[in-house]
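Visitor: Numbering (this note's numbering), first residue to last: 84 to 365.
What follows is a structure written as structure tokens; I'll ask about it next.
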């Protein structure tokens with residue numbers, strides 16, 4: 084924990100985008116919760132929260148120059164290798180690739196302390212951006228609205244209480260788990276080169292597992308396995324329906340749901356493997 088005298092003034096820039104045609108997200112609630120977390124915190128006077136909504140690529144650049152933030156928090160949609168989804172002049176989706184994002188943060192290297200990408204599959208962008216910032220938090224796969232909200236609240240609660248980035252990240256993951264949501268392994272913190280000499284992932288879990296923690300991991304794993312099987316059964320039913328459906332519109336809807344469910348299954352497998360590695364190594 085940081086002492087009162089040494090706690091710096093930090094400006095947090097929240098960038099939010101939920102373009103037309105993309106799944107509706109509770110971005111307003113997330114930003115409101117972040118604001119309330121900071122306002123009720125012990126060190127509320129050490130934080131300045133700046134917000135930019137419906138951001139286009141040029142809006143991000145303008146805000147970075149105008150605000151000069153220490154923490155950049157993106158809320159919206161991500162797409163793995165394709166990057167993050169911002170908006171164009173008409174409010175439609177506009178992809179910004181990982182290389183472009185990395186180049187932006189390279190230009191402000193030394194001024195940004197932490198980037199939080201609260202968007203699905205954003206760990207891929209993290210691998211490039213973290214070359215230019217000390218800390219980056221991304222999502223290893225899809226993350227639900229509730230989990231994203233809980234993580235943000237916990238993360239900024241801890242920062243506002245005077246704790247540093249690593250502890251705040253772990254507190255955010257704990258907040259997801261305390262809410263009974265099986266997505267506490269989805270947020271991933273990576274340390275930049277300036278912190279460790281080479282990029283390094285940080286676990287949200289303690290170095291050793293107690294009997295209770297091991298039991299909780301096993302319970303989480305069983306729940307994830309059940310969810311995986313349920314999704315598999317639904318995919319099979321949809322594939323059967325797709326095989327006999329002739330309406331183009333209905334077929335498209337089936338295909339979209341199948342694709343989404345398959346992505347969820349891929350994410351669940353990753354989480355199960357992560358739990359396996361933790362159980363076997365401790």
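By construction, the Cβ of each residue, glycine as well, lies at the ideal position given by its N, Cα and C atoms.
Since we're looking at a predicted model, the values are computed, not measured.
Using DSSP with H/G/I as helix, E/B as strand and the rest coil, what is residue 201?
Guide: The answer is strand: DSSP assigns residue 201 an E or B state.
Visitor: Measuring alpha carbon to alpha carbon, tell me which residue in 144, 125, 143, 115 is nearest residue 132.
Guide: 115
Visitor: Tell me, please, which residues DSSP counts as bridged to residue 157.
Guide: 98, 200
Visitor: Beta carbon of residue 337, beta carbon of residue 314: below 7 Å?
Guide: no
Visitor: Could you tell me which whole alpha helix (DSSP H) segments of length 4 or greater appear in the segment 117-185?
Guide: 140-150
Visitor: CB residue 203 to CB residue 225, shorter than 7 Å?
Guide: yes
Visitor: List the whole-angstrom C-beta distance separating residue 100 from residue 170, where the pair is believed to meet the contact cut-off of C-beta under 8 Å.
Guide: Contact flag correct, Cβ pair sits at about 5 Å.
Visitor: Whether or not the segment 125-141 and the segment 158-175 are in contact is what I'm after, with contact meaning three or more pairs of Cβ atoms, one per stretch, closer than 8 Å; do they touch?
Guide: A contact exists between the segment 158-175 and the segment 125-141.
Visitor: On the DSSP bridge list, what partners appear for residue 221?
Guide: 271
Visitor: So, helix, strand or coil for residue 93, using DSSP?
Guide: strand
Visitor: With contact counted as at least three CB pairs below 8 Å, one residue from each stretch, are the segment 208-215 and the segment 235-247 in contact?
Guide: no
Visitor: Hey, residue 264 and residue 304: beta-carbon distance below 7 Å or not?
Guide: no
Visitor: Output needed for residue 135: all residues of its chain with C-beta closer than 8 Å, excluding positions within five of it in sequence on either side, in chain order.
Guide: 96, 97, 98, 99, 142, 143, 146
Visitor: Measure the alpha-carbon distance for residue 340 versus residue 329 and round it to whole angstroms.
Guide: 17 Å
Visitor: Going by other Cβ atoms of all chains shown within 10 Å of its Cβ, with 16 needed for buried, is residue 332 buried or exposed?
Guide: Counting the other CB atoms within 10 Å of its CB gives residue 332 a total below 16, which places it among the exposed residues.
Visitor: Determine, using beta-carbon pairs with one atom in the segment 160-168 and one in the segment 190-210, whether at least three such pairs fall under 8 Å.
Guide: The segment 160-168 vs the segment 190-210: in contact.
Visitor: What residues in its chain sit with their C-beta under 6 Å from that of residue 166, if we drop five residues either side in the sequence?
Guide: Cβ neighbours of residue 166 within its own chain (closer than 6 Å, five residues either side excluded): 178, 179, 180, 181.
Visitor: Can you name the start and end residues of the alpha helix (DSSP H) that residue 311 belongs to?
Guide: Where residue 311 is concerned, the enclosing alpha helix (DSSP H) stretches over 294-327.
Visitor: Measuring straight from C-alpha to C-alpha, what distance separates residue 297 and residue 353?
Guide: 18 Å
Visitor: Sort 310, 108, 334, 254 by Cα distance to residue 344 and report the nearest one.
Guide: Checking every option, the nearest Cα to that of residue 344 belongs to 310.
Visitor: Please determine, among 258, 228, 248, the residue with the shortest C-alpha to C-alpha distance to residue 111.
Guide: 228
Visitor: Can you tell me whether DSSP reads residue 228 as helix, strand or coil?
Guide: helix
Visitor: Under the rule that 16 or more other beta-carbon atoms within 10 Å means buried, what is residue 254, buried or exposed?
Guide: buried
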